[in-house]
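Novice:
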Amino acid sequence: MLMRYFYAPLMLILLLSSVPAGAAETESETAALAAYQWVGGTGNWDEATNWNPAGVPGPGDAVTISSGEVTTSGDRIVGDLTMGSGGKLLGTGSLTITGTFNMSNAASEISFDGDISVGGLLTWSGGRMSGTGTTTAGGGFTVSGSAGSSTNDKFLDGRRILIPAGQTATHSGNRLNGVNGAEYEIASGATLDITTGNNFSFFNAGAGGATLINRGTIAKTSGTTFALEIGWDLENHGIVLMNQEGAELRFGGAMADFGGTYEATAGTLNLDIKASQNPVQIGASSVIRSGASGRIHFGSRTGDGTDTFFSFSGLADIAGNLSVASSGNTYANLQVEETATLQQLGTAGISAGGNRGRLFVLRSPGSPDVIDVGNASVGFEGTLRIEGDAVVNGDMNLSIAC
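In this note's numbering, the protein residues as written are 2 to 403.
#1: Does the pairing of the segment 347 to 354 with the segment 301 to 313 give three or more beta-carbon distances under 8 Å?
#2: Beta-carbon within less than 6 Å of Ser433's beta-carbon, same chain only, minus the 5 sequence neighbours each way: which residues are those?
#3: Quick one: Cα of Gly1 to Cα of Asn199, how far?
#4: Decide if Glu246 is buried, meaning its Cβ has at least 16 other Cβ atoms within 10 Å, or exposed.
#5: What are the start and end residues of the beta strand (DSSP E) that includes Phe203?
#6: Name, in chain order, the residues that DSSP records as bridge partners for Asp1.
#7: Suppose the cutoff is 6 Å on Cβ atoms and the five residues either side in sequence are ignored; what does the same chain contact list for Gly141 look like?
#8: Using DSSP's beta-bridge definition, name the partner residues of Arg77.
#9: Looking at Gly132: is its Cβ nearer than 8 Å to the Cβ of Phe102?
#10: Can you tell me whether Phe227 is buried or exposed, with buried defined as 16 or more other CB within 10 angstroms of its CB?
#11: Report the residue ranges of all beta strand (DSSP E) runs contained in full by the segment 164 to 196; include only those spanning at least 3 residues, in chain order.
#12: Pull the bridge partners of Trp125 from the DSSP assignment, please.
#13: Could you tell me the distance, in whole angstroms, from the CA atom of Ser109 to the CA atom of Gly87?
#14: Alpha carbons only, please: which of Phe204, Ala248, Ala208, Phe310 is nearest the one belonging to Gly224?
#15: Going by DSSP, what residue range makes up the beta strand (DSSP E) through Ala333?
#16: Under 8 Å, do Gly375 and Gly395 count as touching if we go by C-beta distance?
#17: Taking the alpha-carbon positions, what's the Leu34 to Gly120 distance?
#18: Buried or exposed, going by whether 16 or more other CB atoms sit within 10 Å of the CB of Leu399?
#19: Using the beta-carbon count (16 or more within 10 Å), is Gly75 buried or exposed?
#20: Please classify Gly358 as buried or exposed, where buried requires at least 16 neighbouring CB atoms within 10 angstroms.
#21: DSSP state of Ser328, grouped into three classes?
#22: What residues are listed by DSSP as bridge partners for Asp373?
#23: On the three-state DSSP scale, how would you describe Thr226?
#24: May I ask which residues mark the beginning and end of the beta strand (DSSP E) holding Asn271?
#25: If we ignore side chains and look at the alpha-carbon of each, how far apart do Gly182 and Gly210 end up?
#26: Return the first residue and the last residue of the beta strand (DSSP E) that Thr309 is part of.
#27: What distance in whole Å lies between the Cβ atoms of Trp233 and Ala191, which are believed to be in contact at a cut-off of 8 Å?
#28: Drop a sphere of 10 angstroms on the beta-carbon of Val241, count the other beta-carbons inside from all chains shown, and report buried for 16 or more, exposed for fewer.
#29: Where does Glu26 land, buried or exposed, given buried means 16+ other C-beta within 10 angstroms?
#30: Find out if the Cβ-Cβ distance for the pair Leu334, Thr307 is shorter than 8 Å.
#31: Specify, as a first and last residue, the run of the beta strand (DSSP E) that Ser278 falls within.
#32: Just the C-alpha distance for Glu186 and Arg161, rounded to the nearest angstrom, thanks.
#33: Which first and last residues belong to the beta strand (DSSP E) in which Asn45 is found?
#34: Quick check: what's the CA-CA separation for Gly217 versus Glu264?
#35: If the criterion is Cβ atoms closer than 8 Å, does the pair Val180 and Phe156 meet it?
#36: Measuring CB to CB, does Leu250 end up less than 8 Å from Lys221?
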């Protein structure tokens, strides 16, 4: 009988002690978080009556600004932030969003002189981001919104977006405009994944220009098979990968190479760079590579010069096609320097011209004795000059060459 009365209190003690320490406090804190809607027209964030419910949003709170103009300063922390159809947020200092950040309409705007850190997913389907500082998408980045509606216009105005290591920026939409020196950086270990199904108005560069800085990977493996153009300037330290049969990824701004890799496993990677007085130097640590069904194309378009001149001194491993031609009235020129390492140079085919394309291959003592190519074509205002011996294993076509 004594045993019966001894164990009952002990079981009660064990049950009570199984409740996690601090659980009551956690539930209380969760209940205290609120969802705030801006109702104050033009006004200051710190005015409680500008919000519904009345109060000043703080850490963990969900904030929605669908209309009006909100001014803030200093260091601000919130949970989620949604910029609706006509809301504007103007500020200085820093803004930390621990949850998600959503901008969904071309009429919305966030103009912030300072850094914005987003811990959750940043979703952008319309609106303007302006001001100095960097917006860091620490939980990934999704760019959506079809090409057919101006409500999906997105403007990065003088600001910098950073995709940090381990995160992916997925571009399933169009109408991304960069102006006034905007920068979009893909960090080492991060990826820009291009999946859009429409080739219209993808990356547009407006007044003051914009630069895509790649230290990680830019990849196109799905989506539209029509030629898809990135009109921003490209600064490449990382990998640009085209791997979609029958599709084309085209770069149409200026270009600066810092040991980058340019690869077309399948489809066409087109460096259709603006004509300039300064040559594009693709250096000794850089790589151009293609699979058997891939094409690497060096092009030229209207710029501030009459030619686009590429000087290549890296590793060439092109099992597919290599082509050089202009898309306009300028000349595209590719010179493979004698210091380059040639593993393959157009095993499936090589072409110059068709419209103003010149390819010069210089040979060093360490180059292969013979360069093997598949088909060879020299078209309108085209020049193909290879020092040393070359074997054409397929058809050779000369048409209006010079």
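We put the beta carbon where it would ideally sit given N, CA and C, even for glycine.
Specialist: Result, derived from the coordinates:
#1: Too few Cβ pairs lie closer than 8 Å, so no.
#2: Here the chain has residues from 2 to 403 only, and residue 433 is not among them.
#3: As displayed, the chain neither begins before 2 nor continues past 403, which places residue 1 out of reach and without an answer.
#4: Against the sequence shown, residue 246 aligns to sequence position 245. Glu246 should be labelled exposed.
#5: In the sequence shown, the residue the question calls residue 203 occupies position 202. That residue, Phe203, is in no beta strand (DSSP E); it is neither H nor E in DSSP.
#6: Since the first residue shown for the chain is 2 and the last is 403, residue 1 is missing from the structure and cannot be characterised.
#7: Residue 141 sits at position 140 when you count from the first residue of the sequence shown. Around Gly141: Leu122, Gln168, Thr169.
#8: Translated into positions along the sequence shown, residue 77 becomes position 76. Residue pairing by DSSP places Arg77 opposite Leu96 in a beta bridge.
#9: Here residue 132 corresponds to residue number 131 of the sequence shown, with the count starting at 1. Here residue 102 corresponds to residue number 101 of the sequence shown, with the count starting at 1. No, these two residues do not count as a Cβ contact at 8 Å.
#10: Counting from 1 along the sequence shown, the entry for residue 227 is found at position 226. By the 10 Å Cβ count, Phe227 comes out exposed.
#11: Counting whole runs of 3 or more residues, the segment 164 to 196 contains the beta strand (DSSP E) stretches 169 to 172, 177 to 180, 183 to 187, 192 to 195.
#12: For the purposes of this step, residue 125 is taken as the residue at position 124 of the sequence shown. Residue pairing from DSSP places Trp125 in a beta bridge opposite Met104, Val144.
#13: The residue labelled residue 109 in the question sits at position 108 within the sequence shown. The residue labelled residue 87 in the question sits at position 86 within the sequence shown. Cα to Cα, Ser109 sits roughly 5 Å from Gly87.
#14: Counting from one through the sequence shown, the residue named residue 224 turns up at place 223. Restricting attention to Phe204, Ala248, Ala208, Phe310, the CA atom closest to the CA of Gly224 is found in Ala248.
#15: Stepping through the sequence shown from its first residue, residue 333 is reached at position 332. Start and end: 332 to 337.
#16: Residue 375 sits at position 374 when you count from the first residue of the sequence shown. Residue 395 sits at position 394 when you count from the first residue of the sequence shown. Contact: yes.
#17: As a first step, residue 34 must be located in the sequence shown, where it is residue number 33. As a first step, residue 120 must be located in the sequence shown, where it is residue number 119. So the two alpha carbons sit approximately 17 Å from each other.
#18: Here residue 399 refers to the residue found at position 398 of the sequence shown. With fewer than 16 other Cβ atoms within 10 Å, it is exposed.
#19: Here residue 75 refers to the residue found at position 74 of the sequence shown. Exposed: under 16 other Cβ atoms inside 10 Å.
#20: As a working note, residue 358 is residue 357 in the sequence shown. Under this definition Gly358 is a buried residue.
#21: Reading the sequence shown from its first residue, position 327 is the one you call residue 328. Residue state for Ser328 is assigned as coil, using DSSP reduced to three classes.
#22: Numbered from its first residue, the sequence shown carries residue 373 at position 372. Asp373 is bridged to Val392.
#23: Sequence index remark: in the sequence shown, residue 226 carries index 225 (1-based). Look at Thr226 here: in three-state DSSP terms it is coil, with no helix or strand label.
#24: Counting from 1 along the sequence shown, the entry for residue 271 is found at position 270. Per DSSP, Asn271 belongs to the beta strand (DSSP E) from 262 to 275.
#25: To locate residue 182, count along the sequence shown from 1; it is residue 181. To locate residue 210, count along the sequence shown from 1; it is residue 209. Answer to the nearest angstrom: the Cα atoms are 5 Å apart.
#26: The residue you call residue 309 lines up with position 308 of the sequence shown. For Thr309, the enclosing beta strand (DSSP E) starts and ends at 308 to 313.
#27: If you number the sequence shown from 1, residue 191 lands on position 190. If you number the sequence shown from 1, residue 233 lands on position 232. Contact flag wrong, Cβ pair sits at about 17 Å.
#28: Numbered from its first residue, the sequence shown carries residue 241 at position 240. Counting of Cβ neighbours within 10 angstroms places Val241 among the buried residues, the total reaching 16 or more.
#29: Numbered from 1 along the sequence shown, position 25 holds the residue referred to as residue 26. The predicted position of Glu26 is uncertain, since its pLDDT is 38 and thus under 50; no value can be drawn from it.
#30: Residue mapping note: residue 334 aligns to position 333 of the sequence shown, counting from 1. Residue mapping note: residue 307 aligns to position 306 of the sequence shown, counting from 1. Note that residue 334 corresponds to Asn in the displayed sequence, not to Leu. Cβ distance not < 8 Å, so Asn334 and Thr307 don't count as in contact.
#31: Against the sequence shown, residue 278 aligns to sequence position 277. Note that residue 278 is Gln in the sequence shown here, rather than Ser. Taken as a continuous stretch (DSSP letters only), Gln278 belongs to no beta strand (DSSP E), as it is neither H nor E.
#32: Reading the sequence shown from its first residue, position 185 is the one you call residue 186. Reading the sequence shown from its first residue, position 160 is the one you call residue 161. Straight-line spacing of the CA atoms in Glu186 and Arg161 works out to 7 Å.
#33: Taking the sequence shown and counting its residues from 1, one reaches residue 45 at position 44. Counting along the chain, the beta strand (DSSP E) containing Asn45 begins and ends at 43 to 45.
#34: The count along the sequence shown starts at 1 and reaches residue 217 at position 216. The count along the sequence shown starts at 1 and reaches residue 264 at position 263. Distance between the alpha carbons of Gly217 and Glu264: 14 Å.
#35: Taking the first residue of the sequence shown as position 1, residue 180 is located at position 179. Taking the first residue of the sequence shown as position 1, residue 156 is located at position 155. Their beta carbons are under 8 Å apart, which means Val180 touches Phe156 by this criterion.
#36: Locating residue 250 in the sequence shown gives position 249, where the first residue counts as 1. Locating residue 221 in the sequence shown gives position 220, where the first residue counts as 1. For Leu250 and Lys221, yes; Cβs fall inside 8 Å.
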